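The sequence shown begins at 35 in my numbering and counts up one residue at a time. C-beta atoms are modelled at their ideal positions from N, C-alpha and C, and glycine is treated no differently. Everything numeric in this text was worked out from a predicted model, so none of it was measured. Everything below concerns the one structure shown next.
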Amino acid sequence: MYLGLGKVCIGLLKERMKPMVSRSTWILATILALFVLLSLLSCAPAVDPDEPDPDENDVDVEPEPDPVEEPEERQRVVVAVDLDVVSWDPPQDWLTIPESITENAYDYLYLRNHEGSDWVPELAHSWEWIDNQTVRFYLNEGVKFHDGTELTAEDVRYHYRRIIDGTREEYILRGQYEWIDDIIVHDDYTFDVVAHEPDGLMLWKLTQQNNGAGIVSKAYVEEVGIEGVHREPMGTGPWVLREHIRDEHVLFDRNEDYWQTDRFPNFEEFEFRVIPEASTRIAELMTGGIDVAYRVLPQDEDRLKDASGVDAVWVAGGTGYFLGCRPGPLSTENYPEPDFAGDPELDREFTTRDPRIREAIERAIDKYALRDIAGGHGEAFRARAFQPLPEGDPDLFGPSACLYDPERAKELIAEAGYEPGEATLVFNASTNWPIGDLARVITGMLEDVGFDVDLRLMDLTTHRNLVSGPRKLQELGLGTNGGNLNPHFAHRSYISTNHLRAHWVQPTDAEWQADQERIDELYRIGESTTDEQERIEAFRELSNIAAEQRTPWISLFQESNLYGISDRIEWNMRADEEIMGYDFKVVQ
């Protein structure tokens, strides 16, 4: 390198000095240049003879690029269920599984804790009783809807007012909020809920399972309308809807801006896959396609427990099986419903109008035999307030609630004036498991004591569209009811106004009317008082009357669900049976 530099220097000197100097001067300059060159060479560092000359090939060498980090794979938890979302607007549906899906996009004002023993603040960080019919709520600040707008008290007021001011056709849950007189907004984060009259159950009524209490953005509803909210949610919840393919799946992305940081899950995607067949859900679980299989068949419990990487877990909660028992007659005299007037199947005398027939039905049924068909877990019950709810009577829950006595059932049918095979019962039920299997067994039990049963089974969608949805059950229908760990929800279902609204029309006999008037009075006492002991006594008496009345339900047994669960996740299960994404943790 230095030699080349010397040559360049001499060349430059030669060119520049040609016109200016004589030969002797040129010689002197050349000697001087050589002297400079030698000096430079003497200062150069020693060169390793084995070290290649970096300039010998005269090629520029590009530096090695920094390694590119591959993006981490997004974790997903997949839950397989049997039903799809009906509507993304919370008050438009009340079925447990669809609500379990939609509520992941929303938040409530407050919730019950996992054990069901106390209230947990959510959108409202606190509340206080102003008087016996007013509760003041204080919202958390900075809570954002999925579109980035902030939640305020006006959103809460609008959510409940649109239900109250709407119709039952728009909001199937409208009747559950008729107790609200007004919602008064004080500022962006403070509001009062005011009842029409003293109400000690306000907290139970305002936010509960299956009552559409997820708060929706006012601006969003006003922009897209009811149909728009029906198709796509706009909540503040921990999961944001990415995709909903009807009858296939619902896919959520984690809400990266979620305000409750303590609930932040360790996975990015949460999916509900709609798989109606239980056997297919199990197959998907066993092959790693899903993480949770909802309502696994009891006969598959041992198979799952013996398999590697999965387990089977029973969960008993607040849902129970019941026989809907319509006493009739269903006519415009009792309920002015033009669709039913003149219908030969609905506008007629019902066999179940006679209380002896209703008692015979309950005594013909072995509730624990039915429970064993559905998995062998849970207790028999005669009234909807489950233990350990203080308002529930322990004598109406457990073995004492099974009145199985086939011989007494036969006697009661005869006392009602029927020969064997003459007392006809039209029995509607879906084929969905275990309802279809239970309906067939119940039919056999009833026929064994002398009833003539016209069992009408249909698929779940048809049943919902033609029978349960329009309330066109006849003598008997088989289904489930939730909310039995809620004193308001459990006891309100027995009052007369609820019978009329739900098209469970009252019989006209004097004894039934006297019982019903007492039920209505007891409910008013239990609802209005803030004295816990007074409420317990009133509701227990109400439950005993309703259990003997056997309308609108003959209660059967507490539902327990069997879940198949992958070992790659942990799940903190809830007593209210809700499936919340933040209750899962990926551990493998």
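Identified DSSP bridge partners for residue 320: Note: residue 320 sits in no beta bridge, so no partner.
Open item on the list: Can you look up residue 508 in the DSSP assignment and give me helix, strand or coil?
Closed with: coil
Find out if the Cβ-Cβ distance for the pair residue 435, residue 416 is shorter than 8 Å. yes
Q) CA-CA distance, residue 312 and residue 330? A) 6 Å
| task | Classify residue 143 as helix, strand or coil using the three-state DSSP reduction. | result | coil
Check: Starting from residue 218 and walking both ways along the beta strand (DSSP E), at which residues does that stretch end?
Finding: 214–221
Check: Does the distance from the C-beta atom of residue 512 to that of residue 447 stay below 8 Å?
Finding: no
Between 114, 108, 150 and 574, which lies nearest to residue 634 when the distance is taken from Cα to Cα? Residue numbering for the chain in the displayed model covers 35 to 622; residue 634 lies beyond these limits and cannot be assessed.
Can the beta-carbon of residue 145 be found closer than 8 Å to that of residue 295?
-> no
Identify, in the order they occur along the chain, each residue of the same chain with its Cβ nearer than 8 Å to the Cβ of residue 229, setting aside the five sequence neighbours on each side. 167, 168, 213, 214, 215 and 236
- Grab me the residues of residue 462's own chain with a C-beta within less than 6 Å of its C-beta, minus the 5 sequence neighbours each way, in chain order. 490, 501, 507 and 511
Going by alpha carbons, who is nearest to residue 379 out of 505, 590, 180 and 162? 505
- For the segment 479–487 against the segment 440–456, are there 3 or more C-beta pairs whose distance is under 8 Å? yes
By Cβ distance, which residues of its chain are closer than 6 Å to residue 585, with the 5 residues on each side in sequence left out? 359 and 361
Using the Cα positions of residue 621 and residue 111, report the straight-line distance between them to the nearest angstrom.
-> 11 Å
Outcome for residue 290 when other beta-carbon atoms lying within 10 angstroms are tallied against a minimum of 16: exposed
Practice prompt. Determine the DSSP secondary structure at residue 491, reduced to helix, strand or coil.
Written response: strand
Beta-carbon spacing of residue 149, residue 580 below 8 Å: no
TODO: If I'm right that residue 219 touches residue 187 with Cβ under 8 Å, what's the distance once you round it to whole angstroms?
DONE: 4 Å
Curious, which full-length beta strand (DSSP E) runs of at least 3 residues does the segment 146–228 contain? 153–155, 158–165, 168–173 and 214–221
Pick from 494, 456 and 422 that is closest to residue 385, judged by C-alpha positions | 456
Q) If you compare alpha carbons, which of 163, 587 and 118 is closest to residue 392? A) 587
Option nearest residue 333 by Cα separation, candidates 601, 612, 211 and 596: 596
_C-beta atoms of residue 122 and residue 307 nearer than 8 Å_ = no
**Study point:** Minimum length 3: unbroken beta strand (DSSP E) runs contained in the segment 257–286
**Key:** 273–279
Given a cut-off of 8 Å on the beta-carbon distance, is the pair residue 577 and residue 437 in contact? no
Legend entry - Simplified DSSP assignment, three categories, for residue 111: strand
Nearer than 7 Å: is that true of the beta carbon of residue 297 relative to any heavy atom of the ligand ATP? With respect to the ligand ATP, the structure shown offers nothing to examine, as it has no ligands at all.
Best match in 353, 617 and 128 for proximity to residue 421 [C-alpha to C-alpha] | 353
*Please report how far the alpha carbon of residue 503 lies from the alpha carbon of residue 233, in whole angstroms.*
30 Å
TODO: Determine the burial state of residue 154: buried for a count of at least 16 other Cβ atoms within 10 Å of its Cβ, exposed for fewer.
DONE: exposed
task: Look up residue 345 in the DSSP assignment and give the residues it is bridged to.
output: 599
Margin query: Strictly by DSSP, which residues pair up with residue 307?
Written below: 114 and 283
| query | Which residue from 286, 250, 381 and 350 puts its Cα closest to that of residue 143? | reply | 250
On the premise that residue 310 lies in contact with residue 116, defined as a C-beta separation below 8 Å, what is that separation, rounded to the nearest angstrom?
5 Å
Next on the checklist: Which of the three DSSP states is assigned to residue 445 in this structure?
Outcome noted: helix
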